[in-house]
Amino acid sequence: MSAELPSSTAVAGDAAVPTGPAAVPAGAAGGIRGALGTLRTGGLPDLLVAQVVPLGVTFVLTLVSAALLGPERRGVLTFLMTGALLAGALAYGSLHVPVVEALRVGDRSALRHGVRLVAGLAGALAVVGAVLVVTGRPGAADGGHSDAATTGWALMGGALIVCQLFANRVLQGLGRDRAYQVTIVVQSVLYLAGAGAVLATTRSPLLVYAAWALSVVAGLGVATTQLVRHLRDHVAQVPAGSPARSWPQFLRSATANNVGSIGQMVMLRADVLVVGVVLGPTAAGVYGIALSLTELVLIVPEAFALSVFSGRARLTGDRWAAQLARTVRLNAAVGLLAALCIAAAAVVLSLGPLSDYRGLVPLVLIVLPGALFAGYSRVALSALQALGRHSAVAVFGVLAVVLSAGYLPGAWLGGTAGTAAVSTAAYVVTALYLHTSLRSALRGGEAR
Numbered sequence: 009m010s011a012e013l014p015s016s017t018a019v020a021g022d023a024a025v026p027t028g029p030a031a032v033p034a035g036a037a038g039g040i041r042g043a044l045g046t047l048r049t050g051g052l053p054d055l056l057v058a059q060v061v062p063l064g065v066t067f068v069l070t071l072v073s074a075a076l077l078g079p080e081r082r083g084v085l086t087f088l089m090t091g092a093l094l095a096g097a098l099a100y101g102s103l104h105v106p107v108v109e110a111l112r113v114g115d116r117s118a119l120r121h122g123v124r125l126v127a128g129l130a131g132a133l134a135v136v137g138a139v140l141v142v143t144g145r146p147g148a149a150d151g152g153h154s155d156a157a158t159t160g161w162a163l164m165g166g167a168l169i170v171c172q173l174f175a176n177r178v179l180q181g182l183g184r185d186r187a188y189q190v191t192i193v194v195q196s197v198l199y200l201a202g203a204g205a206v207l208a209t210t211r212s213p214l215l216v217y218a219a220w221a222l223s224v225v226a227g228l229g230v231a232t233t234q235l236v237r238h239l240r241d242h243v244a245q246v247p248a249g250s251p252a253r254s255w256p257q258f259l260r261s262a263t264a265n266n267v268g269s270i271g272q273m274v275m276l277r278a279d280v281l282v283v284g285v286v287l288g289p290t291a292a293g294v295y296g297i298a299l300s301l302t303e304l305v306l307i308v309p310e311a312f313a314l315s316v317f318s319g320r321a322r323l324t325g326d327r328w329a330a331q332l333a334r335t336v337r338l339n340a341a342v343g344l345l346a347a348l349c350i351a352a353a354a355v356v357l358s359l360g361p362l363s364d365y366r367g368l369v370p371l372v373l374i375v376l377p378g379a380l381f382a383g384y385s386r387v388a389l390s391a392l393q394a395l396g397r398h399s400a401v402a403v404f405g406v407l408a409v410v411l412s413a414g415y416l417p418g419a420w421l422g423g424t425a426g427t428a429a430v431s432t433a434a435y436v437v438t439a440l441y442l443h444t445s446l447r448s449a450l451r452g453g454e455a456r
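Here the sequence shown is numbered in this note's numbering, starting from 9 and rising by one per residue.
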């Protein structure tokens, strides 16, 4: 299993985990018991908290900022946040994979390679961003900043994201789910407090963005401290003279799943940027709110996806395959319930605090089916990575990027509704591809 590291691997002092197949009683009682068992396994409670808290904070701040900033300024904030997340994720890829793989056997050479590469990527983003901020001429974006300057601030935020992803993903990949959860919760609480204070006193999207950046820096400090402590106490050094992982080996391993990761991120975030560029900040504000609502469907699938990694490391093939089947069914049931609640919430909000966001409800209804398919894709992609299906993951990434190219004509021809329709179509097509690939992998005996 070299494609991706599980979220909860065994470390010194962990209790032994049974790996034999476990029978689940048939019937409704068995289904309920299996679902409850799924919810308890693989560090899932900690992973759920790590998903629910930041998304809850983001959702609350999205509604508050939408009401206080209005569509245009909210569109500027959407561009800043989305640009930072997208730039950071695209630059980062899956650099933690070879690092954690090597640390599990006591080899710290990949960690040194990873730290150097992360520093270089973050530095490059920060330098380009600073140049754009300095050279950007005052314009109509916000607070006297041009589109170039706004892009520069987004790239500088992306530099922080690269460092944050590396520290958090290595920490979680080493099985420290509770430490990972603490880091995420601390960052989320600080963001809520900082952005809340800004919105209470100003109407500047750039200052809200600055509060988010400071919370990322604080979270990075917490994650780095816990990672250093874990490496000191749990990861032993390999004997002197043992072969270390070379730079070319590190790069080959680091790029194994980068195509898939990049494709997934482009498909998830590029539509907001396209709407902002083609249709302007007001349209981006409305579209961003619609996506913020529909992405709540992805809370549980993201936690399930991380747990699937963990299960492949701890369970036998047959038991893992059964656990995966139960996870997919439970994920579908939770997703449908969440979609109904989100649709109802969109209607209520459009009649009250978000009445200025015209066209919000139709956008939510167009995007929601795609979000459901995206939830399945999270779990299926994790399963393929755990099975070591590198080629399938790479093809998924290429397919996602190709389909995302449709956002541009969708925005030109159909506005925000056209972009939303292309987004849903892209999610459906990629989910069907992953479903077919996963069935093929399981039939081929990879789960045994």
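By construction, the Cβ of each residue, glycine as well, lies at the ideal position given by its N, Cα and C atoms.
On a predicted model such as this, the values are computed, not experimentally measured, just so you know.
Pull up the CB-CB distance for residue i and residue j, whole angstroms please, since I reckon it's below 8 angstroms.
i	j	result
Val-406	Gly-271	6 angstroms
Pro-213	Val-84	4 angstroms
Val-375	Leu-411	Actually they are not in contact, since the Cβ atoms of Val-375 and Leu-411 sit about 15 angstroms apart, beyond 8 angstroms.
Val-283	Thr-424	6 angstroms
Ala-298	Leu-380	Incorrect: roughly 15 angstroms between the Cβ atoms, too far for contact.
Ser-390	Ala-313	4 angstroms
Val-8	Ala-157	With the chain covering 9 to 456 only, the question about residue 8 has no answer from this structure.
Val-268	Val-401	Just to set this straight, residue 268 is Gly in the shown sequence, not Val. The pair is a contact, with the Cβ atoms about 4 angstroms apart (cut-off 8 angstroms).
Which residue's Cα is closest to the Cα of residue i: the options?
i	options	result
Ala-434	Leu-235, Thr-424, Ala-382 and Ser-399	Ala-382
Ala-162	Gly-114, Leu-215 and Ala-187	Leu-215
Ala-203	Gln-59, Trp-220, Leu-182 and Ala-118	Trp-220
Ile-192	Leu-55, Val-107, Ala-333 and Val-401	Leu-55
Cys-171	Pro-53, Tyr-217, Ala-346 and Gly-128	Gly-128
Cys-349	Ala-187, Val-369, Ser-399 and Gly-325	Val-369
Trp-255	Met-164, Leu-140, Val-401 and Pro-106	Pro-106
Leu-460	Leu-362, Arg-81, Ala-130 and Val-409	A question about residue 460 goes unanswered here, because the residues of the chain that appear run from 9 up to 456.
Leu-71	Gly-293, Leu-442 and Val-61	Gly-293
Ala-428	Leu-442, Ala-408, Leu-373 and Val-206	Leu-373
Ala-226	Arg-211, Gln-59, Val-401 and Tyr-199	Tyr-199
Val-316	Ser-445, Gln-331 and Val-409	Gln-331
Val-206	Ser-73, Ala-408, Ala-58 and Arg-366	Ser-73
Thr-302	Leu-276, Arg-327 and Val-108	Leu-276
Ala-208	Gly-378, Ala-75, Ala-439 and Leu-446	Ala-75
Met-4	Ser-300, Val-123, Leu-442 and Gly-426	No statement about residue 4 is possible, as the shown extent of the chain runs from 9 to 456 and does not include it.
Ala-408	Val-274, Asn-339 and Ala-329	Val-274
Ala-242	Val-108, Tyr-441, Phe-174 and Val-123	This sequence places His at residue 242; Ala is not what is there. Closest by alpha carbon: Val-108.
Phe-174	Thr-143, Leu-52 and Val-224	Val-224
State the Cα-Cα distance for the pair residue i and residue j, rounded to the nearest angstrom.
i	j	result
Val-126	Ala-352	42 angstroms
Leu-392	Ala-449	8 angstroms
Gly-147	Phe-87	Low confidence applies to Gly-147: its pLDDT is 49, below 50, so where it sits in the model is not reliable, and the reading given next is rough at best. Each residue's alpha carbon lies about 15 angstroms from the other.
Leu-94	Gly-166	7 angstroms
Val-65	Gln-195	10 angstroms
Gly-183	Val-135	34 angstroms
Gly-160	His-121	27 angstroms
Gly-325	Leu-344	29 angstroms
Leu-421	Val-286	11 angstroms
Gln-189	Ala-132	29 angstroms
Val-403	Asp-364	41 angstroms
Gly-296	Asp-115	43 angstroms
Thr-335	Tyr-100	28 angstroms
Ser-62	Gly-396	According to the sequence displayed, residue 62 carries Pro and not Ser. Computed Cα separation, rounded: 30 angstroms.
Asp-155	Asn-266	29 angstroms
Tyr-217	Gly-452	48 angstroms
Leu-44	Leu-259	Its pLDDT being 49, under 50, Leu-44 is placed unreliably by the model, and nothing is read from it.
Ala-7	Thr-210	Since the first residue shown for the chain is 9 and the last is 456, residue 7 is missing from the structure and cannot be characterised.
Met-9	Ala-394	Since pLDDT at Met-9 reaches only 32, below the 50 mark, its modelled position is unreliable, and no value is offered.
Gly-78	Arg-186	38 angstroms
Ala-138	Met-164	7 angstroms
Ala-341	Val-305	11 angstroms
Thr-290	Arg-81	8 angstroms
Leu-239	Val-113	12 angstroms
Leu-111	Leu-168	24 angstroms
Val-197	Arg-366	31 angstroms
Arg-447	Leu-222	44 angstroms
Gly-288	Ala-58	33 angstroms
His-443	Val-60	26 angstroms
Gly-7	Pro-377	One cannot answer for residue 7 here, as it falls past the ends of the chain, which runs 9 to 456.
Ala-439	Ser-445	10 angstroms
Runs of alpha helix (DSSP H) lying entirely within the stretch 165 to 248, each at least 4 residues, in chain order: Note on the stretch 165 to 248: whole alpha helix (DSSP H) runs with a minimum of 4 residues are 185 to 209 and 213 to 242, in chain order.
Hey, is the stretch 367 to 385 in contact with the stretch 298 to 312, meaning 3+ C-beta pairs nearer than 8 angstroms? Under the 8 angstroms Cβ criterion, the stretch 367 to 385 counts as touching the stretch 298 to 312, having at least three qualifying pairs.
Going along the chain, which unbroken runs of the alpha helix (DSSP H) with 4 or more residues stay wholly within the stretch 98 to 151? You should have 104 to 111 and 117 to 143.
For the stretch 224 to 243 against the stretch 173 to 193, do three or more pairs of beta-carbon atoms, one drawn from each stretch, fall closer than 8 angstroms, so that the two count as touching? Pairwise C-beta distances place the stretch 224 to 243 in contact with the stretch 173 to 193, as three or more of them are shorter than 8 angstroms.
For the stretch 347 to 366 against the stretch 408 to 425, do three or more pairs of beta-carbon atoms, one drawn from each stretch, fall closer than 8 angstroms, so that the two count as touching? Taking 8 angstroms as the limit for Cβ pairs, the verdict is that the stretch 408 to 425 does not touch the stretch 347 to 366.
Pairing CB atoms from the stretch 92 to 106 with CB atoms from the stretch 276 to 296, are three or more of them under 8 angstroms? Taking 8 angstroms as the limit for Cβ pairs, the verdict is that the stretch 276 to 296 does touch the stretch 92 to 106.
Which whole runs of the alpha helix (DSSP H) in the stretch 289 to 360 are 4 residues long or more, in chain order? If only uninterrupted alpha helix (DSSP H) runs of at least 4 residues are considered, those enclosed by the stretch 289 to 360 are 289 to 302, 307 to 322 and 325 to 359.
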